[in-house]
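Colleague: Before I ask anything, let me first share the structure, which is written out below as structure tokens.
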Amino acid sequence: MAAMAGRLALAFLLAAAAVQAASAVNTTLTLHNLCPFTVYPLVTANGGLPSIADNKLQLEANGLAYFPIPPTSWSGRVVARTLCSSPTNCQTGMAPPVTVVQLVVHSAEAGPGADLATYSVSLTDGFNVGAAVSPQFVGGGQCPVLGCPVNLNDGCPADQRVMGNGGVVLACKGDYGYFKKRCPLTRVGGRDVEPVPQSCRAPRELKVVFCPTTI
252 MAAMAGRLAL AFLLAAAAVQ AASAVNTTLT LHNLCPFTVY PLVTANGGLP
302 SIADNKLQLE ANGLAYFPIP PTSWSGRVVA RTLCSSPTNC QTGMAPPVTV
352 VQLVVHSAEA GPGADLATYS VSLTDGFNVG AAVSPQFVGG GQCPVLGCPV
402 NLNDGCPADQ RVMGNGGVVL ACKGDYGYFK KRCPLTRVGG RDVEPVPQSC
452 RAPRELKVVF CPTTI
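Residue numbering for the sequence shown follows the numbering used here, starting at 252 and increasing by one per position.
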């Protein structure tokens, strides 16, 4: 009986996964570099989920890159590494302070077949470049563009600056007040959320823009 119950439970889980996959649209992660310099994007899947990028890409100014997201529930992070001599040797983006884009795609949190996507730009770990997330070709719900179109290195408090050669500010450790005042459509702490509602369903594309000029 126990063996039969186990087989039934497994069959149910497989069927549920098949239903979710069938109801999920094909979603692409697009990266667009509007910075006036090269970035090395780092796309990291959350624990146990498949990788979608080899993270060797060098994205020139105004460059675009596309990554298909698996049809089942997937989540991960995107950061921009800068001033790199190689993908593993960069002056920013390898460790905090760094701007972090957080993505959850094909979530069943809103119920079967909802195909919910959630996303945010987090400054909890600091700031190195501006970033925004813009859903495209959405199936419904509220899908605001979220992120930070401001270079927070300009005006970063003196004691929060990460300095490079020639006195250039490479990144900003910042604090809650400084980041939230200048970029309110970001998250700057563990319980912080953006002041706009989000309930985005079935986007066919999630576009992450580095150094956006507006959102």
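All C-beta atoms, glycine included, are put in the ideal place defined by N, C-alpha and C.
1. Here's the rule: buried if 16 or more other CB atoms are within 10 angstroms of the residue's CB, otherwise exposed. What is LEU315?
2. Bridge partners of CYS196, per DSSP?
3. Could you tell me whether the Cβ atoms of LEU436 and GLY398 are closer together than 9 Å?
4. Have a look at THR369 and SER385 and give me their C-alpha separation to the nearest angstrom.
5. According to DSSP, which residues form a beta bridge with PHE288?
6. Is ALA272 helix, strand or coil by DSSP?
7. Within 10 angstroms of its Cβ, does LYS432 collect 16 or more other Cβ (buried), or is it exposed?
8. Determine the direct distance from the alpha carbon of GLY406 to that of THR323, and round the result to whole angstroms.
9. Hey, how far is the Cα of LEU300 from the Cα of VAL355?
10. Going by C-alpha to C-alpha distance, which of PRO395, PRO400, VAL401 and ASN379 sits closest to GLN411?
11. Classify PHE388 as helix, strand or coil using the three-state DSSP reduction.
12. Do you know how far the Cα of GLU445 is from the Cα of GLN353?
Modeller: The short version:
1. exposed
2. Nothing can be reported for residue 196: it is not among the residues displayed for the chain, which extend from 252 to 466.
3. Yes, they are a contact pair.
4. 11 Å
5. Beta-bridge pairing links PHE288 to no other residue.
6. Any reading at ALA272 must be qualified, since the residue scores a pLDDT of 42, below 50, and its modelled position is unreliable; no value is offered.
7. exposed
8. 42 Å
9. 12 Å
10. Taking only the C-alpha atoms, the option nearest GLN411 is ASN379.
11. coil
12. Each residue's alpha carbon lies about 13 Å from the other.
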